[in-house]
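There are 2 protein chains.
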Amino acid sequence: MHSFKELLEKFEQQFGKRQFPEKPANLYDPAQYILGIGGKRVRPVLCLLGNELFDELHPDAYNAANAIELFHNFTLIHDDIMDKAPLRRGMPTVHTKYNDAAAILAGDVMLIHCYEYLNKINSKTRQKLVNVFNKAAREVCEGQQLDMDLEQMLPEQVNYADYVNMIALKTSVLLAASLQLGAIIGGGSEGNQHHLYEFGKNVGIAFQIQDDYLDAFGDPEKFGKQQGGDILINKKTFLLLKALELCSPAQKAHLHQLMDTNPDNKVAEVLQVFHDCRVDEWAEKEKERFSQAAYEHLDAIAVLSARKEPLKDLAGFLLTRQH
Amino acid sequence: MHSFKELLEKFEQQFGKRQFPEKPANLYDPAQYILGIGGKRVRPVLCLLGNELFDELHPDAYNAANAIELFHNFTLIHDDIMDKAPLRRGMPTVHTKYNDAAAILAGDVMLIHCYEYLNKINSKTRQKLVNVFNKAAREVCEGQQLDMDLEQMLPEQVNYADYVNMIALKTSVLLAASLQLGAIIGGGSEGNQHHLYEFGKNVGIAFQIQDDYLDAFGDPEKFGKQQGGDILINKKTFLLLKALELCSPAQKAHLHQLMDTNPDNKVAEVLQVFHDCRVDEWAEKEKERFSQAAYEHLDAIAVLSARKEPLKDLAGFLLTRQH
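Quick mapping for you: the protein sequence lines, in order, are chains A and D. Numbering-wise, the first sequence is residues 411 to 733 according to the working numbering. Numbering-wise, the second sequence is residues 411 to 733 according to the working numbering.
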């Protein structure tokens, strides 16, 4: 068994080589570019961790892990075009550095390359693995569309359950599937796969709530982002949606006025409303609720608890950061 | 064994049902839309024909055929965004009817759906089938990029061999792979698969040369398009590239002047140069060369010649049309 850090090194050692041919350069350079500007590689390492929860690392786990990381980067390239995002990981996005056409096509060939890795898997589990991968891939697309749909709605038109579902699809199912793919390769039973999947999904949602919380209430120096960045752009976050549900009509009117007029003291004023209607407390409890569900699923996996340590450590690291 | 028309009906019967869930509608409606605006379904029927060249139709052939048709439509959606094309099959393109973001995502989910069909294939040939599919898919992306690269170059900078390679990748390899996928499902040997693939590839190139020829010299009433449509937009075609190679310096200067100034009589003048430097004769010979190669590969396939009739009929139909 290995720690997250050790698995990350193992993953990078084989993934860090150039993934694409040299030519046509205008097709493959943009694809290689995004792989070269970093990323924490959480998803592929989750796949390796999922394998090691049940058995020794199998070479096929790297094929699955590579497919997952390529898929994740494919979604980033295409999402950035859709969202017209200029920066990714502090660097120009693919469509900004190259152009939209190159970015669309680089994403496409990256998605095809995922399936090249998956098809290298020789074990009998390949069909099952591809099914799990395809389901997650399709759900990530649905999540991105739902995100764009919700973007068009007024905050109070957004149903909280729909919002959680969108977050789960857009960000959590790939984390969950990464673990499950590893579990399948490691020989985990269907029941254990299910619990591991749910562990990943709940950690993902809890992490997103924490991310929204820290954007508003975190220490900006530690968090590394401008405090209230989400508030400034009226982003629909867990906090805003719940605040509109919890607050009084007067507070609601005040929030709307702040969102419509963007005054200089907008962040401080919105935070005051969040505080007054106790959405900060609610967020901590909500994060706790999803964390709790995650740990219960982890506990329910029928392997020696010592094997779960790396996953417990990772969840603890992800869900207790103050910045 | 069945004719092209019979297989087309069989294909449509199962493919014509809605391919995608109802929701999220903004994701799946654009994907369903392009499938509903027609298309000749040549590629999936080639797959069925490839199967029947060797054996009775196998249910897996429909899974492969569906994947191929979805892949083809995925490329159309994304290519139309890249090319900023307003119309497809006489109807608004997906990004025109919806928007770029919806079109990108609809294409993505359509590509994932291809792999859902491929993964339904239960036979032992699935890994080989996916390899053939992936290779063609990647080459189509390379072809699209090379096309965009050539678009940026002056016509005389374009090497003829590079142009043929681009056309082969962009349009012919998917036809060829469709046949090969069918052959694999039908149990054709590696050698027979190779000949069938090369048959499809060469038919594809010959068809493109004919298409370029008819755009210039065809009867516009029969062809159904404006005569010289390619000439009007200075499109790099087989004819233009070869004309620039064959013609005298004076003719070349004249062609350039016509392309730069777009006079009213541009089409007639360009056609005169084409005629003077005999590029029309060359095109007929060049088409014949690729057709010949196609038929030689078809002849080399080791099955009873009666089984080849539907393919011979199809090639004959595709390559002798005068409009």
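For every residue, glycine included, the Cβ atom is placed at its ideal position computed from N, Cα and C. All figures in this text were calculated on a predicted structure; none of them were measured in a lab.
Answer yes or no: do residue i and residue j have a C-beta to C-beta separation smaller than 8 angstroms?
i	j	result
Y573 of chain D	L560 of chain D	yes
A693 of chain A	L649 of chain A	yes
V519 of chain A	R688 of chain D	no
V683 of chain D	A653 of chain D	yes
E552 of chain A	L579 of chain A	yes
V713 of chain A	F464 of chain A	yes
L616 of chain D	L729 of chain D	First, the amino acid is wrong: residue 616 of chain D is Ala here, not Leu. Yes. Within cutoff.
A516 of chain D	L467 of chain D	no
M411 of chain A	P720 of chain A	yes
N602 of chain A	I711 of chain A	yes
E479 of chain D	R451 of chain D	yes
I619 of chain D	K538 of chain D	no
Y527 of chain A	A477 of chain A	yes
V550 of chain A	T485 of chain A	yes
So who's on the other strand from residue i, going by DSSP bridges?
i	result
P502 of chain A	A:L497
On the criterion of 16 or more Cβ atoms from any shown chain inside 10 Å, does residue i qualify as buried, or is it exposed?
i	result
K695 of chain A	exposed
N532 of chain A	exposed
F421 of chain D	buried
T671 of chain D	exposed
Q637 of chain D	buried
D489 of chain D	buried
G598 of chain A	buried
Q554 of chain A	buried
D674 of chain A	exposed
P454 of chain A	buried
L665 of chain D	buried
H733 of chain A	Unreliable positioning characterises H733 of chain A in this predicted model, as indicated by a pLDDT of 48, which lies under 50. A coordinate reading is not provided.
D709 of chain D	exposed
A716 of chain D	exposed
Y472 of chain D	buried
N529 of chain D	buried
D625 of chain D	buried
R498 of chain D	buried
K697 of chain A	buried
P434 of chain D	buried
D570 of chain A	Note that residue 570 of chain A corresponds to Tyr in the displayed sequence, not to Asp. That one is exposed.
K415 of chain A	exposed
G500 of chain D	exposed
D629 of chain A	exposed
E691 of chain D	exposed
G448 of chain D	exposed
K646 of chain A	buried
N483 of chain D	buried
F567 of chain A	The sequence as given places Gln at residue 567 of chain A; Phe does not occur at that position. Flag for Q567 of chain A reads exposed.
K718 of chain D	buried
Q667 of chain A	exposed
A475 of chain A	buried
L417 of chain A	buried
E631 of chain A	exposed
A660 of chain A	exposed
With a threshold of 7 angstroms (Cβ to nearest heavy atom), would residue i be considered close to the ligand HEM?
i	result
M492 of chain D	Inclusion of the ligand HEM in the displayed structure is not the case, the ligand content being empty and no account of it being possible.
Next item on the list: Can you give me, in chain order, the residues of the segment 476 to 494 of chain A that have a beta carbon less than 7 angstroms from any beta carbon in chain D?
Entry: H488, I491, M492
Checklist line | Given 8 angstroms, three or more beta-carbon pairs between the segment 427 to 445 of chain D and the segment 709 to 728 of chain A | finding: no
Notebook entry, point to check: Which residues, in order along the segment 537 to 567 of chain D, keep a beta-carbon less than 8 angstroms from a beta-carbon of chain A?
Noted result: Q537, V540, N541, N544, A547, R548, C551, E552, Q554, Q555, L556, M558, D559
Check: Listed from N- to C-terminal order along the chain, which residues in the segment 517 to 530 of chain A have their beta-carbon within a distance smaller than 7 angstroms of any beta-carbon of chain D?
Finding: D518, V519, L521, I522, Y525, E526, N529
Next item on the list: Pull out every residue of the segment 592 to 609 of chain D whose Cβ sits closer than 9 angstroms to any Cβ of chain A, in chain order.
Entry: none
Item checked: the segment 603 to 612 of chain D contacting the segment 695 to 709 of chain D, beta-carbon criterion three pairs below 8 angstroms -> Yes, the segment 603 to 612 of chain D is in contact with the segment 695 to 709 of chain D.
Check: Are the segment 456 to 468 of chain A and the segment 540 to 556 of chain A touching, with three or more C-beta to C-beta distances below 8 angstroms?
Finding: no
Notebook entry, point to check: Below 8 angstroms, can you find three or more Cβ-Cβ pairs linking the segment 499 to 509 of chain D to the segment 419 to 435 of chain D?
Noted result: no
Check: Is the segment 579 to 594 of chain A in contact with the segment 640 to 648 of chain A, if contact means three or more CB pairs nearer than 8 angstroms?
Finding: no
Notebook entry, point to check: What residues from the segment 504 to 518 of chain D come within 7 angstroms of chain A, judged by C-beta to C-beta, listed N to C?
Noted result: A511, I514, L515, D518
Item checked: Residues in the segment 432 to 447 of chain A having any Cβ partner in chain D nearer than 7 angstroms -> P434, N436, L437
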